[in-house]
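What follows is a set of notes on a single structure, which appears directly below.
Residue numbers (our numbering): 4 to 311.
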């Protein structure tokens, strides 16, 4: 069932939301067609969608929506439950502002299978050259109560970066502005992230941010990311509703905008994503997440800001 989102919208989403609401209410059974879906090009972390694995990965609708397949078992149900509670609970309005706009769920037939998807806003939809990085937050990426095998598997991944930084980098893509011959983004997958030495992390962020390109907008780019990460950090200093495990911060910007020197960059965005392993906080601060997001913010503030 498709559920309309009733959250207060930023100005930039209002026109799009009115259109979405009309389509949802008036043409609910027609507005989403599986023929209008393609694999999401800007996905940098997690499982990729293929014909052989239609239950995994992200798809993009021609109208600019992201469809994330609901995983089987408790993980998928948990993520849908998180989004629904976030949509309905007004006490979570500050958290709601930190995640992509949620439109509900829909079940479509793909390759002969009925697959349920979470419908989300694509934060890169208006970007000409989207640079995107998935940063998984926390040194502990397994949730309490999981199996010993799950603990061991998670502890074996990204070990050095998680121990030193309390975050890791499952993947990113960047348009290298120092090379005018490149028309496609350079992609770095999870295998790159797993092999990353903690001492290389700052260099990786400099590559992602095009800090060696010499463009005038770099200072504003890093400042915007630093400010947005600080908003998240401040929120997690007090929030006691959820604990987030194996959840990521998605950093995205349009490399095309670095070529101008305007006072604002509308296409610099930070969003929280991936909530299959969120658990109740039981009134306790999420120290695991807070440490990771604080380290990420500190890296931007001390190593990247004013150092390009």
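A virtual CB, placed ideally from N, CA and C, is assigned to each residue, including glycine. These numbers were taken from a predicted model, which means no experiment stands behind them.
| Item | Value |
| --- | --- |
| C-beta atoms of residue 257 and residue 130 nearer than 7 Å | yes |
| CB contact flag (residue 156, residue 69, <7 Å) | no |
| Coarse secondary structure for residue 156, derived from DSSP in three states | helix |
| Proximity below 7 Å, CB of residue 144 to CB of residue 249 | yes |
| Rounded distance between the beta-carbons of residue 40 and residue 62, thought under 8 Å | 4 Å |
| Cutoff 7 Å; reference residue 224; Cβ partners in own chain excluding five residues on either side | 212, 256, 261, 268 and 271 |
| Counted within 10 angstroms of its Cβ, other Cβ atoms place residue 134 as buried (16 or more) or exposed | buried |
| Candidates 166, 170 and 195: closest to residue 176 by CA position | 195 |
| Residue 106 versus 95, 121 and 94, residue with shortest Cα-Cα distance | 121 |
| Residue interval of the alpha helix (DSSP H) (run including residue 76) | 76-91 |
| Residue burial classification, residue 274 (beta-carbon count within 10 angstroms, cutoff 16) | buried |
| For residue 64, the three-state DSSP class (helix, strand or coil) | strand |
| Supposed close pair residue 226, residue 308 - CB separation, criterion 8 Å | 6 Å |
| C-alpha gap between residue 236 and residue 115, whole angstroms | 44 Å |
| Integer Cβ distance of residue 188 from residue 245, believed to fall under 8 Å | Not really, about 32 Å apart at Cβ, beyond 8 Å. |
| CB contact flag (residue 180, residue 216, <7 Å) | yes |
| Whole-number beta carbon distance between residue 89 and residue 95, since they are thought to touch under 8 Å | 5 Å |
| 7 Å Cβ cutoff, residue 65 in contact with chain B | Absence of chain B from the displayed structure is noted, only one protein chain being present. |
| Residue span of the beta strand (DSSP E) that contains residue 112, given as start and end | 105-113 |
| Through-space distance from residue 153 to residue 159, alpha-carbon basis | 10 Å |
| Beta-bridge partners of residue 176, as assigned by DSSP | 135 and 190 |
| Beta-carbon gap between residue 281 and residue 85 smaller than 7 Å | yes |
| C-beta atoms of residue 198 and residue 295 nearer than 7 Å | no |
| Cβ neighbour criterion (16 or more within 10 Å) applied to residue 72 | buried |
| Simplified DSSP assignment, three categories, for residue 292 | helix |
| Neighbourhood of residue 279 by C-beta distance below 8 Å, restricted to the same chain and skipping five residues each side | 74, 78, 79, 81, 82 and 249 |
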